[in-house]
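See below for the structure under consideration.
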Amino acid sequence: MGRGKVEMKRIENPNSRQVTFTKRRQGLLKKAHELAVLCDAEVAVIVYSSTGKMYEFSSSSRFMGKDLEGLTVKELQRLEYQQTRGLLAIKDRKEKKTVLENKILYEQVEELKRDLGFKVTSQRRSVDKNKKLKAPKVKNDAENSMTME
Numbered sequence: 001m002g003r004g005k006v007e008m009k010r011i012e013n014p015n016s017r018q019v020t021f022t023k024r025r026q027g028l029l030k031k032a033h034e035l036a037v038l039c040d041a042e043v044a045v046i047v048y049s050s051t052g053k054m055y056e057f058s059s060s061s062r063f064m065g066k067d068l069e070g071l072t073v074k075e076l077q078r079l080e081y082q083q084t085r086g087l088l089a090i091k092d093r094k095e096k097k098t099v100l101e102n103k104i105l106y107e108q109v110e111e112l113k114r115d116l117g118f119k120v121t122s123q124r125r126s127v128d129k130n131k132k133l134k135a136p137k138v139k140n141d142a143e144n145s146m147t148m149e
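Be aware that the sequence shown starts at 1, since it is given in the UniProt record's numbering, and climbs by one per residue.
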């Protein structure tokens, strides 16, 4: 029996989200290990949780900064460049995501302010109208003199 298709959207329930993260992280790291073993590939995976905790897998200790003594300066520089480029790409994506989230939150706050401002203004108008309706009417002098006669 096949599995149902999962809708790709954020899981709102924090407990479900954490369970899914843990299971999928473990699956991803297992697949990375299998890829390295089956295909004799050098594989490195870094995963950051929403809390910033880092999880990693490397098929080569070289990716972890070990066994570097046999490398030439040029190879070390290339490795450093690759790692720097990867980290900068991650940082750039996180910054863009944060900027977008901040923009959305700002727009929501502005919308709430507008809505609340409109409601407050409408309520003030209603209160003013009610005061006018409840206030006793004062007749002008001509009307007063006619009613007295």
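Cβ atoms here follow ideal geometry from the backbone N, Cα and C, with glycine treated the same way.
From a predicted model like this one, the values you see are computed outputs, not experimental measurements.
Member of the options whose CA lies at the smallest distance from the CA of residue i
| i | options | result |
| --- | --- | --- |
| threonine 51 | Phe57, Glu111, Ala36, Thr22 | Thr22 |
| glutamine 26 | Lys129, Met8, Tyr48, Ala41 | Tyr48 |
| serine 59 | Arg17, Gly4, Lys31, Ile11 | Lys31 |
| valine 45 | Thr20, Ile90, Glu7, Arg3 | Ile90 |
| lysine 53 | Gln18, Leu76, Met8 | Gln18 |
| isoleucine 11 | Ser126, Gly4, Thr20, Lys129 | Thr20 |
Length of the line joining the Cα atoms of residue i and residue j
| i | j | result |
| --- | --- | --- |
| phenylalanine 116 | arginine 124 | Rather than phenylalanine, the amino acid found at residue 116 in this sequence is leucine. Rounded to the nearest angstrom, the two C-alpha atoms are 12 angstroms apart. |
| tyrosine 55 | leucine 87 | 14 angstroms |
| cysteine 39 | asparagine 102 | 43 angstroms |
| isoleucine 104 | serine 16 | 25 angstroms |
| glutamine 83 | alanine 36 | 19 angstroms |
| aspartate 92 | arginine 85 | 10 angstroms |
| leucine 112 | tyrosine 106 | 10 angstroms |
| arginine 114 | glutamine 108 | 10 angstroms |
| lysine 74 | alanine 41 | 22 angstroms |
| leucine 133 | serine 126 | 11 angstroms |
| valine 43 | glutamate 110 | 46 angstroms |
| glutamate 7 | proline 14 | 17 angstroms |
| lysine 9 | arginine 3 | 17 angstroms |
| aspartate 128 | lysine 5 | 57 angstroms |
Bridge partners - residue i, DSSP secondary structure assignment
| i | result |
| --- | --- |
| tyrosine 48 | Met54 |
Integer Cβ distance of residue i from residue j, believed to fall under 8 angstroms
| i | j | result |
| --- | --- | --- |
| leucine 29 | phenylalanine 57 | 5 angstroms |
ask   = Taking three-plus beta-carbon pairs below 8 angstroms as touching, is the stretch 92-105 in contact with the stretch 67-76?
value = Short answer: they don't touch.
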